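Visitor: Residue numbers (the numbering used here): 2 to 624.
Cβ coordinates follow ideal geometry from the N, Cα and C atoms, glycine included.
Keep in mind it's a predicted model, so treat the numbers as computed, not measured.
One structure, pasted below without further comment.
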């Protein structure tokens, strides 16, 4: 019998704040929330941002809101007015030669043919270059893109654990995975001793790898800029490092790691692996995540050169009628409206999945079920970055999966969409057509669509994780985020069967059973996920295991909920702990007990089974 993957914990960080306990989602819809709920999220943000008692009342609220979500890039990321670069120059001497003085150790190992060296003593030499010399002059330029989705002002993931020289994406991964793990409300040692060591797996990665100075960015630029390469830059720059760091330093995991990359659908690629492994019974506990630190001048330069980012100049053209002298940075991302490119962002999102039996046994909260995730390529393409047909297939399959489980009426009346919604002219046309045609095919007359990149920007590999977190919030607070950065829907958007609200859409409690989440990535990396609401997931679990088991589960759940809330309460007070155990509990060969039928590992209650059956036994000839 297939097992049901259940979300029992979630956490992370993005421009809206901490994901656990729906705080980041609530920042998106804060104006539509009851005062007490909104104040709690403001308190969460204040703790992250280190906002003290110097700000009170409306001034405190205004500061917090202004320093979250998409905004002008802050100097803590980089100075958009003075981005370092090197200008290539050719120097000519007044009489056909160029002369300059160097220390002898500064001379290149292989002298150019047109260099003449004269010793000046004191370890100095005079260099005469016939004709001309090519040089790189360090200088600065103003960056053409000034807006981005940035983590809340004042929040530094490295402040919560000994980060050493970790790239920012890995810092965010450690924070996000720890946040998700602690949101479960059960000590990790309790979880890992209820399953075999090899029944735990981590599926996490970064679409862009680690491109800041501590990772590949520093590695590739060091020698060219006269610096030195460190022994850590290559290893820490790898795209699989989020999974490796979480496995090694957060969990002490000896089970599987399955990092997948799928460009802007990376989180869903990882989720697909986890769902398949839990459904098949190979894994019982899965940590799924992605992290990308894209607010970095080298990363942004690449996208800007492609014409993919919303530049300051193009944003001003869109708002020409408003008479603005500088871009409206807060409204840089405008999905399904008149737009000019996406707004890059940074985020780290993680969830904890249990199979249904383990969730019932341990009394964990059930935040949603993930019955399936679908991936399809585009076929032959005009260019590697152009969209194709693959996304029609993934969306159609996700809706069909929901229909197969809950029926067509549930899909028609009780589902919503989290669109990829990048804010590019091409996306507004292609994705709206995909969603609209799918709605027609399944008889959906008015399909509500959210596009949260309007608030957060595009966090690349973690973007679909942002969408998942927002979906969990919709089920908690019954508000679908509106596309509030726009004042109209573009004429080329297909929407005969869609609702694209420009204001937050209030929903009746338990009115939505299904969320269809969509992601598209360069290269034809299309992925769509089907999520089932907490109430539907609970009905399924109760139906499988029976009323008696469900009643016992409800009793156990009370203590788990209380422990999870205790973590949130501590975080609201500024006592936000991160689980990071570098060098602790290191295992070696002496900690293994190897037998014919199993392997025991010190510190684990269960053993790794070696009693395996051949899946090809009936293939062998009986002759």
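Give the C-beta separation of residue 456 and residue 70 to the nearest angstrom, bearing in mind that I take them to be a contact with Cβ-Cβ under 8 Å.
Guide: As a first step, residue 456 must be located in the chain shown, where it is residue number 455. As a first step, residue 70 must be located in the chain shown, where it is residue number 69. With 8 Å as the limit, residue 456 and residue 70 qualify as a contact, their Cβ atoms being about 5 Å apart.
Visitor: How is residue 202 classed by DSSP in three states: helix, strand or coil?
Guide: Stepping through the chain shown from its first residue, residue 202 is reached at position 201. Strand at residue 202.
Visitor: Just list the residues that DSSP pairs residue 290 with in beta bridges.
Guide: Position 289 of the chain shown, counted from the first residue, corresponds to residue 290. Answer by DSSP bridge pairing, in chain order: 205, 351.
Visitor: Three Cβ pairs or more, each shorter than 8 Å: is that satisfied between the segment 268 to 288 and the segment 4 to 21?
Guide: yes
Visitor: Count the other CB atoms, across all protein chains shown, that sit within 10 Å of the CB of residue 163; report buried if there are 16 or more and exposed otherwise.
Guide: As a working mapping, residue 163 is identified with position 162 in the chain shown. Label assigned to residue 163: exposed.
Visitor: Alpha carbon to alpha carbon, how far is residue 179 from residue 492?
Guide: Residue 179 sits at position 178 when you count from the first residue of the chain shown. Residue 492 sits at position 491 when you count from the first residue of the chain shown. Put simply, the backbone Cα of residue 179 is about 44 Å away from that of residue 492.
Visitor: At the level of alpha carbons, what is the spacing between residue 635 and residue 288?
Guide: Residue 635 lies beyond the range of the chain shown here (2 to 624); nothing can be said about it.
Visitor: Could you spell out where the alpha helix (DSSP H) holding residue 437 opens and where it closes?
Guide: Translated into the one-based positions of the chain shown, residue 437 becomes position 436. 426 to 442 is the span of the alpha helix (DSSP H), which, as asked, contains residue 437.
Visitor: If you draw a straight line from the alpha carbon of residue 110 to that of residue 246, how long is it in whole angstroms?
Guide: Here residue 110 is taken as the residue at index 109 of the chain shown, counted from 1. Here residue 246 is taken as the residue at index 245 of the chain shown, counted from 1. Taking the straight line joining both Cα atoms gives about 39 Å.
Visitor: Give me, in chain order, the residues of the same chain whose beta-carbon lies closer than 8 Å to that of residue 55; leave out the 5 immediate sequence neighbours on both sides.
Guide: Reading the chain shown from its first residue, position 54 is the one you call residue 55. Nothing listed; no residue qualifies.
Visitor: Grab me the residues of residue 370's own chain with a C-beta within less than 6 Å of its C-beta, minus the 5 sequence neighbours each way, in chain order.
Guide: For the purposes of this step, residue 370 is taken as the residue at position 369 of the chain shown. Once the five neighbours on either side are set aside, the close Cβ partners of residue 370 are 5, 7, 533, 538.
Visitor: Among 321, 441, 481, 394, which has the Cα closest to the Cα of residue 412?
Guide: Against the chain shown, residue 412 aligns to sequence position 411. When only C-alpha atoms are compared, the closest one is 441.
Visitor: Can you find at least 3 beta carbon pairs, one from the segment 489 to 506 and one from the segment 432 to 441, that sit closer than 8 Å?
Guide: Counting Cβ pairs under 8 Å, three or more are found: they touch.
Visitor: Is the beta carbon of residue 286 sitting closer than 8 Å to the one on residue 201?
Guide: In the chain shown, residue 286 corresponds to position 285, counting from 1. In the chain shown, residue 201 corresponds to position 200, counting from 1. Yes, Cβ-Cβ distance for residue 286 and residue 201 is below 8 Å.
Visitor: So which of 131, 106, 544, 105 has the shortest CA-CA distance to residue 95?
Guide: The count along the chain shown starts at 1 and reaches residue 95 at position 94. Nearest option by C-alpha distance: 131.
Visitor: Where does residue 398 fall in DSSP's three states?
Guide: Taking the first residue of the chain shown as position 1, residue 398 is located at position 397. Correct three-state label for residue 398: helix.
Visitor: Tell me whether the segment 444 to 463 and the segment 411 to 430 touch, counting them as touching only if at least three CB pairs, one residue from each stretch, are closer than 8 Å.
Guide: yes
Visitor: List the whole-angstrom C-beta distance separating residue 366 from residue 525, where the pair is believed to meet the contact cut-off of C-beta under 8 Å.
Guide: Reading the chain shown from its first residue, position 365 is the one you call residue 366. Reading the chain shown from its first residue, position 524 is the one you call residue 525. Not a contact, Cβ separation roughly 37 Å.
Visitor: Considering only C-alpha positions, which residue in the set 592, 171, 617 is nearest to residue 605?
Guide: For the purposes of this step, residue 605 is taken as the residue at position 604 of the chain shown. Of the candidates 592, 171, 617, the one whose C-alpha sits nearest the C-alpha of residue 605 is 592.
Visitor: Are residue 198 and residue 256 closer than 8 Å when you measure CB to CB?
Guide: As a first step, residue 198 must be located in the chain shown, where it is residue number 197. As a first step, residue 256 must be located in the chain shown, where it is residue number 255. For the 8 Å CB-CB criterion, residue 198 and residue 256 form a contact.
Visitor: Let me check understanding here. Comparing Cα to Cα, which of 594, 360, 529, 515 lies closest to residue 545?
Guide: Against the chain shown, residue 545 aligns to sequence position 544. Measuring from the Cα of residue 545, the nearest candidate turns out to be 360.
Visitor: What is the residue span of the alpha helix (DSSP H) that residue 503 lies within?
Guide: Working through the chain shown from its first residue, we reach residue 503 at position 502. Careful: residue 503 lies outside any alpha helix (DSSP H) and carries neither H nor E.
Visitor: In the DSSP output, what is residue 142 paired with across the bridge?
Guide: To locate residue 142, count along the chain shown from 1; it is residue 141. 84, per the DSSP bridge assignment.
Visitor: Can you tell me which of 211, 207, 148, 9 puts its alpha carbon nearest to the alpha carbon of residue 334?
Guide: Translated into positions along the chain shown, residue 334 becomes position 333. Scanning 211, 207, 148, 9 for the CA closest to the CA of residue 334 turns up 148.
Visitor: Could you please give the first and the last residue of the uninterrupted beta strand (DSSP E) stretch that includes residue 531?
Guide: The sequence position of residue 531 within the chain shown is 530, counting from 1. DSSP places residue 531 inside the beta strand (DSSP E), whose first and last residues are 526 to 533.
Visitor: Tell me residue 405's beta-bridge partners as DSSP assigns them.
Guide: For this step, residue 405 is matched to residue 404 along the chain shown. Per DSSP, none; premise fails for residue 405.
Visitor: Within the chosen definition, does the segment 62 to 69 reach the segment 113 to 131 through at least 3 CB pairs nearer than 8 Å?
Guide: These segments do not touch.
Visitor: Report the CB separation of residue 221 from residue 167 in whole angstroms; it is logged as a contact under 8 Å.
Guide: Within the chain shown, residue 221 is the residue found at index 220, counting from 1. Within the chain shown, residue 167 is the residue found at index 166, counting from 1. The Cβ separation is near 18 Å, so there is no contact.
Visitor: Residue 319 and residue 341 - do their beta-carbons sit closer together than 8 Å?
Guide: The count along the chain shown starts at 1 and reaches residue 341 at position 340. The count along the chain shown starts at 1 and reaches residue 319 at position 318. Cβ atoms of residue 341 and residue 319: closer than 8 Å.
Visitor: What do you reckon, are the CB atoms on residue 205 and residue 254 nearer than 8 Å?
Guide: Position 204 of the chain shown, counted from the first residue, corresponds to residue 205. Position 253 of the chain shown, counted from the first residue, corresponds to residue 254. The answer is no: Cβ separation not under 8 Å.
Visitor: In three-state DSSP terms, what is residue 546?
Guide: The sequence position of residue 546 within the chain shown is 545, counting from 1. Residue state, collapsed to three classes: helix.
Visitor: When you compare the segment 342 to 356 with the segment 290 to 297, are there three or more beta-carbon pairs, one atom per stretch, that lie closer than 8 Å?
Guide: yes
Visitor: If contacts are defined as beta-carbon pairs under 8 Å, then residue 12 and residue 351 qualify, I think. What distance do you get, rounded to the angstrom?
Guide: Within the chain shown, numbered from 1, the residue matching residue 12 stands at position 11. Within the chain shown, numbered from 1, the residue matching residue 351 stands at position 350. So it is a contact: roughly 6 Å between Cβ atoms.
Visitor: I'd like to know whether the C-beta atoms of residue 536 and residue 576 end up nearer to each other than 8 Å.
Guide: Numbered from its first residue, the chain shown carries residue 536 at position 535. Numbered from its first residue, the chain shown carries residue 576 at position 575. Residue 536 is not a Cβ neighbour of residue 576, given a cutoff of 8 Å.
Visitor: Given this structure, state the Cα-to-Cα distance separating residue 23 from residue 572, to the nearest angstrom.
Guide: As a first step, residue 23 is located in the chain shown; it is residue number 22 there, counting from the start. As a first step, residue 572 is located in the chain shown; it is residue number 571 there, counting from the start. Distance between the alpha carbons of residue 23 and residue 572: 13 Å.
Visitor: Would you identify the three-state DSSP class for residue 600, choosing helix, strand or coil?
Guide: Position 599 of the chain shown, counting from 1, holds the residue named residue 600. Looking at residue 600 - three-state DSSP - the assignment turns out to be strand.
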